[in-house]
Each structure stands twice: as C-alpha cells, then as structure tokens.
Amino acid sequence: MGWVQAAAGRLTALPSSAVHTGFALLLAATAAFGRTITLESSNLALVWPAAAIHFLWAVWGLRSRRDTVIALVAAAPVLAAVTLMTGLGPALVAGVILGSAVQTLIAAHLFRRLVPGLGIRTVGDYLRLGGIALAACSVGALIIVGASALGGVASPASVFVPWIIRHAVSLTAIGSLGLVLAASISARATGATAPELRVGPLERSLIAVVSVALYMTTFGADTALPIAYIAIPVHMWAGLRLRSGWAMLHGLASGGILLFFTVAGRGPFQELDGGTAAYVAQSFMFIAFSLSAVLALSMDERQRLIAGLYRAHEEAEASAALRDLVISRMHDGVLVAGADRRPIFQNEMSARWLGSCITRPAELWRRDYDVTTVNGEPLTDADDPLTLALQGVVTERLDLDLTHPDGHVVYLSVDAIPLPDEHGAVVVTRDVTDERMYQRDLGRFASVVAHDLMTPLTVFDGWLEMLEDPELPVAQQQASVARLQQASLRMRNLIRNLLVYSLAKEERLAPMHLDVTETVEGIIDLRTALRGKDVPLVRFHVQTAHPVYADERMFLQLVENLVGNALKYGRTDGTAEITIATSMDDASGRTLISIRDNGIGIPEADLERVFDDFHRAENGLGHAAGTGLGLAICRRIAESHGGSISVANVPGGGAEFTVSLPAGPDQLPAGVAQADADEDSMAPAY
Ligand code: ADP
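Going by this note's numbering, the letters in the sequence shown line up with residues 22 to 707, in that order.
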C-alpha cells in the first residue's frame, strides 16, 4: 500500500496556504449546503456542517498563532458571502459571523486544554468533545439570539435551541470523524501500518447493505410508524465491529439518509411540524452516531490495551527468561527461599551444593557433604545462613568447608540476605576452592622463596665471616668457598626458574626441526657430570627417533625440567631407571615424548595439580627442595606450541610424563608468535 503512504505524505506536506484555502473552500461548500437544506415551513437550516469545518480549521491552526488567527478571521468573508447570497439580513449575517468565530475560538481553546493529544482516541475524548461543543455552541447561540433581536426577528429567543442542536451535533459528529481521519492520515504518512480491521470485506458490505435497507424502509416509508428505534441495532453492530473512523462514517451516512427522508416529509417524523421534525431527526441521528462512535472507540481502546498487555507480557517473559538464563549460567549458586524455607528459585550451582529439598533446617547443606566452618567446627542449625537470613540477620562472606564422603573438599563463601517484608531470603554461594588452593600454594611459594633465598644468604654470612679469619687453614678456606658457590647456585636456580616461568608465556617462539636424541643426551651428560662420583649411578634408556618442531631453548628447558624431576624424585639406592622415548600420536600426527622413572610417584589427588603454579605434592616435600614451578613451566612451553602435558603413575612405582609437541611446522597453533617471522605480518592485531 505504498500509494496510501505517498498520498498521506503529500497531504501532510501541503503548504499552509493550500490548507487554509482548502478549509475556506470546504467551509463555503458546507455553509452553502446548510443554507440550502432548510425546512419549507421555516428559514432555519436543518444541518450546519460548517461548524465542524470551522472547528477543524481552527484546531489545525493551533500549531501557530498566525494560523489560528487566519483560521478565525478568514472564515468571516466566506460565511458573509454565503449567508448574504442565501438571503439572510445584515444583522443575522453579522450574528452568524461573530457567533461562529467566538464559538470556534472557545471550542478550539477548550479542546486544546482538555484533550492535549488533539485527537479522538478514547470514549473520554469523544465525550469531552461533546461537552466542549455544547458549551461553545451555547455561547454562539446567545450571540445569534442577540443578533436576531437587533435584526427585528419576532421571537429571538426561539433561535437559541435550534442553533445549539445544529452546531453542537455537527461539531461533535463531523468534528470527531475529521479528527480521526486526520490522525489516520498523519500516521500513514509516517509509514505506520494501518491498524487491523475487526471485520472482513463481506461483513463490512453486509453492514452497509443492511443499514441502507433498514433506513430506507424505516425512514422512507410514507406512513408515520414510530419505529425509528429499529435502526439502533445496526448502529450497535457497526460500533462493535468497525473501527472508530468507519463506524463514525457509517453513523454520518445513515444520518444523511434519515435527514434526506425527513426533509422530504417521509418516515416516522412526518406528522411533526417542520422545525420539530428537523430537530427530532437530528437528535436521533446524533444519538445513533454517538452510540456507534462510543462503542467503536471503546472497542479500539480495548484492542489497544490488549495489544499493550500482550506486548508487556511478552517483554516480561523475555526478560524473565533472560534473567533465568543468566542466573542459571552463573558460577555462583543462587537460592531464593520463601519465609517457609521452600525454594522459590534455585539455580543449578546452588542445588549442587545445597540439595534441592531444604524445608527442614538440618537438610540445608547436609545432602552429601559434611559442612564445617573454617575452624573445623560443624555448622549448627542456629548458625545456618538461611535460618539467620529468615530471622533478618545478614551473613556476609561466611567461609564454609564442604567435605564429601569420597574425601574431596569444596570451599564455599556464603552470603545470605533477608528479602524485604519478611518474604524469605536469598542465599548466594560461591565456590572459592581455587582461590583457597591458590592462597595455599602462594603461602608455600613464599616459604620456598624465604627458604631458598634467605637460607643461602645466612650461609653466605657465616662462611664469609670465617673467611675473614687470616689464620683459617687453606683446606677450610677452600671448603667455605665451595659452600658459598653451592649456595649461590641454588639462589641462581630459583631466580632463573622464576624468570623462565614468567617468560615462557610471553616469549616469541623460534621453532625449528630438532634432534631429540642430541638434546636428551646433552642433558644426560651434563647431569651425570654434575652428580659427582659418590652418587649412585642412574640407568638411562633413550629411544627418541621421532622429529620435533619446536623452539630450541624452550624444548631444552622442558626436557631438562622433566629429566631433572625424574632424577630428583627417583630412587637413590642405585636402582634408578629413567626412560626417555618418543612416539607418534596417531590421532593428531604429533610427536609424543615420554619421560618415565621408577621413583616415588605422585599421589592420585595431586596428579592434575602438579602442573599448577607453585604446587608441590605432599610426598615430594621432604624428598627434595623445589619451587613448584618446574612443571608449570613445562605446561606453558607445551601449550605455547599448541601441545599438552600429562602425567600418570607407573604400576610398580614411579611417574611417567607425556608431552605432545608439533612434528612439523604445520602443527604449530595458528597465529603463534614466531621470532623469526616477518615482523610486519606478525605484529599484534590491535
Ligand atoms: P618442584 O620439583 O620444584 O617442586 P615441579 O613443578 O617440577 O616443582 O614439580 C611439582 C611437584 O610435582 C613436585 O613438587 C613433586 O611433588 C611432583 N613431581 C614432579 N615430578 C615428579 C616425579 N618425576 N616423580 C614424583 N613426583 C614428581
């Protein structure tokens, strides 16, 4: 329906001079029409649609003071011309002009005050327009009474009621239709789609045919049967089924037929005298029109409200679904419980720790876990955060330890707040196991650093003091120097490890084809030389025929750490065996390097965690000094090459570490930073 929008757009874009001209022409036409529809028995106009046109002109003019003035002033010559030409005396002409101007001014002013939307959208708007029309037309009627008295009309007061009826009816009926039409035109001009019709074309045609038939038979009959009321149902039908604009149009068209027959002296009112018949007919028409208009407006209103309600409902549902989605995906557990402790809402995480049936206090937390406070005391029902929150007490960051019968522990931080008006409580649980572990590892690291850096320094001081003694025998001097060198080596190792660890992630790779056997044998030679003669021999088995494509320095560091650990946590009684072998991973085509020892092995619970920063397994603590960084470095190196590292215990004792690394350049991860690549192409993509 593009042409409708185009036509509406053109209408709303008309220059104001064209609109004024259009209104002036319409006013002239409707005034002339009103002056021709008079009853033979009197010179009174039966209808006065000009009142509505004048009102609509003024309402349109409300957009600026200038347009208002034009709408009021320009009407004067038009009305003067029409009324003079149709035989009214000068006093009455002046009365019509002044009465119309004052009445229109009052109506437009009141309409702006009482109906700020300047449109008829609700029953209230329509009724307000009716009231405004009555008030404004009463003033117009007073003016015409005055003018009639001046013009020598025999009983001037008798024109009062006819004027009100003529003008108020026309202003309300045609005025409301005009306003609905104008609103529809400006809505279409902005591209709004036409509101849905309540009826299809068949029912619309049926309403039209039935109405015409009914009006023709009722009001066109040449006997005065008092059956005007049978037209009422058709107005109810139109009002309930048509949209307000169409229902108003239907009311006006029916009114037109009614007036036509009444003026022609037919229908139920034919036996009344001319003036009375005219105004009875007009009142009938107005009531029928208002019935349709009020019904249609209230149906429109209802339709709008229902649509709004559906929209609001859909929006509420969508936002509730979004909220549920967000909360269900949260890593924190959220439980909303009613005052009776029954869960109103609980996400998956919360149910995991609390269980979903928590009606009795003892059942909270106690599903599978043993719940204790950080001091190791069992959580009592009275201290339970949900119980407290239901009593109005806020709990903040309560640390609880949940121990599962299988031995694993979950550390939780719990917040609980009462809902307003004692409606229940919200309990938020957060898994802080990782943080707690990290803190523990950090504590360990601090003690490692303190031990490995501070102890050597203390040793330094002691031996340096001894060296100051000029009497010290040469053999002892040499021994002190040797210890000093050992202490400094330990410190250097720790510092180097820390550096390597932080660089392993950031540094660019310079990958190349590497001979694994050469690397491994170099490390073994060096290690063997360093161990000295009094340490029992370790038997090495090397089967490393597969290629590796990696950064040479990092690969060396990786193998060095793993071989170093195999020695550190291996047997010390002369039966130590270390096997270093390579194979091809059939699934990925990568090279797998495995380093196996027959040493102390790793406790099951630590198997995954030995790769975490600073993590050291309990059984290794007393066995050898370390920082807990070596395997974290290995993991970083493997991952920076797109590979991985894992560990398993060897049946019969010992651990076997397996690292996957690229066998060729095509197996490097996409976008890996390569030190030897073209600088420009590898620049970070900011
Ligand atoms: P560090 O050896 O300095 O403690 P690592 O990160 O190299 O640190 O190793 C972490 C922990 O893993 C060690 O503390 C030890 O408990 C365990 N571990 C590593 N390698 C072995 C191994 N070959 N056998 C047994 N335990 C090992």
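All C-beta atoms, glycine included, are put in the ideal place defined by N, C-alpha and C. Note that the coordinates shown come from a computational prediction; the quantities given were computed from them, not determined experimentally.
Practice problem: Can you give me the start and stop residues for the beta strand (DSSP E) that P753 sits inside? | Solution: Given a span of 22 to 707 for the chain in the structure shown, any question on residue 753 remains unanswerable.
Practice problem: Could you say if the region 340-357 and the region 444-456 meet the contact criterion of at least three C-beta pairs nearer than 8 Å? | Solution: yes
Practice problem: Check whether the Cβ of D455 lies closer than 7 Å to any heavy atom of ligand 1, and answer yes or no. | Solution: Within the sequence shown, numbered from 1, the residue matching residue 455 stands at position 434. No, the Cβ of D455 stays beyond 7 Å of every heavy atom of ligand 1.
Quiz item: Is the CB-CB distance between G673 and L689 below 8 Å?
Solution: Indexing the sequence shown from 1 puts residue 673 at position 652. Indexing the sequence shown from 1 puts residue 689 at position 668. No; because the gap between Cβ atoms is not below 8 Å, this pair is not in contact.
Quiz item: Going by DSSP, which residues form a beta bridge with N670?
Solution: One-based indexing of the sequence shown puts residue 670 at position 649. DSSP lists A676 as partners of N670.
Practice problem: In the DSSP assignment, find the unbroken alpha helix (DSSP H) run with R560 in it and report its ends. | Solution: Stepping through the sequence shown from its first residue, residue 560 is reached at position 539. Careful: R560 lies outside any alpha helix (DSSP H), inside the beta strand (DSSP E) at 560-564.
Quiz item: For P399, which beta-bridge partners are listed by DSSP?
Solution: The residue labelled residue 399 in the question sits at position 378 within the sequence shown. P399 pairs with T393.
Exercise. May I ask you to report which of helix, strand or coil DSSP gives T244?
Key: Here residue 244 is taken as the residue at index 223 of the sequence shown, counted from 1. Coil at T244, not helix or strand.
Self-check item: Three-state secondary structure (DSSP) of F366
Solution: Translated into positions along the sequence shown, residue 366 becomes position 345. The answer is strand: DSSP assigns F366 an E or B state.
Self-check item: the region 149-165 / the region 37-56 touching (three or more Cβ pairs under 8 Å)
Solution: no
Quiz prompt | Paired residues, beta bridge with P532 - DSSP | solution = If you number the sequence shown from 1, residue 532 lands on position 511. Partner(s): D572.
Self-check item: Which residues DSSP lists as bridging S226, in chain order
Solution: Walking along the sequence shown from the start, residue 226 turns up at place 205. None, per the DSSP bridge assignment.
Practice problem: Leaving aside the five residues before and after R219 along the sequence, list all residues of the same chain whose C-beta is less than 6 Å from its C-beta, in chain order. | Solution: Within the sequence shown, numbered from 1, the residue matching residue 219 stands at position 198. The residues are R262.
Exercise. Could you spell out the range, first to last residue, of the alpha helix (DSSP H) harbouring A102?
Key: The residue given as residue 102 occupies position 81 in the sequence shown. Its alpha helix (DSSP H) spans residues 96-106.
Quiz item: Counting contacts by CB-CB distance shorter than 8 Å, is T193 in contact with chain B?
Solution: This model lacks chain B altogether, as it is built from one protein chain only.
Self-check item: Member of L67, A49, H130 whose CA lies at the smallest distance from the CA of A95
Solution: Numbered from its first residue, the sequence shown carries residue 95 at position 74. Minimum Cα distance to A95 is reached at A49.
Quiz prompt | Host alpha helix (DSSP H) of L21 (start-end) | solution = What the structure shows of the chain is the stretch from 22 to 707, and residue 21 is not part of that stretch, so it cannot be assessed.
Quiz item: Can you round the beta-carbon distance between V201 and S275 to whole angstroms, since I take them to be within the 8 Å contact cut?
Solution: Here the question's residue 201 lines up with position 180 in the sequence shown. Here the question's residue 275 lines up with position 254 in the sequence shown. Rounded, the Cβ-Cβ distance is 17 Å, inconsistent with contact.
Quiz item: By a C-beta neighbour count over all protein chains shown, 10 Å radius and 16 as the cutoff for buried, is N640 buried or exposed?
Solution: On the sequence shown, position 619 is the one that residue 640 refers to. Exposed, since its Cβ has fewer than 16 Cβ neighbours within 10 Å.
Quiz item: Okay, do the region 549-566 and the region 603-619 touch, 3+ Cβ pairs below 8 Å being the bar?
Solution: yes
Quiz item: Cα separation between D634 and G585?
Solution: In the sequence shown, residue 634 corresponds to position 613, counting from 1. In the sequence shown, residue 585 corresponds to position 564, counting from 1. Going by the C-alpha atoms only, they are around 18 Å apart.
Self-check item: Reference R363; option with closest CA among L411, R373, S319
Solution: On the sequence shown, position 342 is the one that residue 363 refers to. For R363, the nearest C-alpha among the options comes from L411.
Practice problem: Pick helix, strand or coil for E417, following the three-state DSSP scheme. | Solution: Along the sequence shown, one-based indexing puts residue 417 at 396. Three-state result, E417: strand.
Quiz item: Looking at D618 and ligand 1, is the gap between the Cβ and the nearest heavy atom below 7 Å?
Solution: Here residue 618 refers to the residue found at position 597 of the sequence shown. Within the cutoff, so yes.
Quiz item: Does at least one heavy atom of ligand 1 sit under 7 Å from the Cβ of G647?
Solution: Here residue 647 is taken as the residue at index 626 of the sequence shown, counted from 1. Yes.
Quiz item: Any heavy atom of ligand 1 closer than 7 Å to the Cβ of N582?
Solution: Translated into the one-based positions of the sequence shown, residue 582 becomes position 561. Indeed, a heavy atom of ligand 1 lies less than 7 Å from the Cβ.
Quiz item: For the candidate residues A298, P441, R592, I253, whose alpha-carbon lies nearest to that of P183?
Solution: Translated into the one-based positions of the sequence shown, residue 183 becomes position 162. Per the Cα distances, A298.
Practice problem: Report the rounded CA-to-CA distance for V435 versus T394, giving the unit in angstroms. | Solution: Reading the sequence shown from its first residue, position 414 is the one you call residue 435. Reading the sequence shown from its first residue, position 373 is the one you call residue 394. Whole-angstrom Cα-Cα distance: 11 Å.
Quiz item: Are T416 and L409 closer than 8 Å when you measure CB to CB?
Solution: Sequence index remark: in the sequence shown, residue 416 carries index 395 (1-based). Sequence index remark: in the sequence shown, residue 409 carries index 388 (1-based). It is a contact, given that the beta carbons lie within the stated cut-off.
Exercise. May I have the straight-line CA-CA distance separating A268 from L280, to the nearest angstrom?
Key: Translated into positions along the sequence shown, residue 268 becomes position 247. Translated into positions along the sequence shown, residue 280 becomes position 259. Those two C-alpha atoms are separated by around 18 Å.
Quiz item: Can you tell me where the beta strand (DSSP E) with A446 in it begins and where it stops?
Solution: The residue labelled residue 446 in the question sits at position 425 within the sequence shown. That run of the beta strand (DSSP E) goes 445-452.
Exercise. Note down, in chain order, each residue of its chain lying with its Cβ closer than 6 Å to the Cβ of G120, except the 5 sequence neighbours on either side.
Key: The sequence position of residue 120 within the sequence shown is 99, counting from 1. Excluding sequence neighbours, G120 sits near G161, I164, I165.
Quiz item: Count the other CB atoms within 10 Å of the CB of H534; is the residue buried (16 or more) or exposed (fewer)?
Solution: The residue you call residue 534 lines up with position 513 of the sequence shown. When all chains shown are included, H534 counts as exposed.
Quiz item: How about I621: is its Cβ closer than 7 Å to a heavy atom in ligand 1?
Solution: Residue numbering aside, residue 621 sits at position 600 when the sequence shown is read from its first letter. Yes - ligand 1 has a heavy atom lying nearer than 7 Å to the Cβ of I621.
Quiz item: Does the distance from the C-beta atom of H256 to that of A72 stay below 8 Å?
Solution: Sequence index remark: in the sequence shown, residue 256 carries index 235 (1-based). Sequence index remark: in the sequence shown, residue 72 carries index 51 (1-based). For H256 and A72, no; Cβs fall outside 8 Å.
Practice problem: May I ask you to report which of helix, strand or coil DSSP gives E489? | Solution: What you label residue 489 is simply residue 468 of the sequence shown in a count that begins at 1. Reduced to three states, the DSSP call for E489 is coil.
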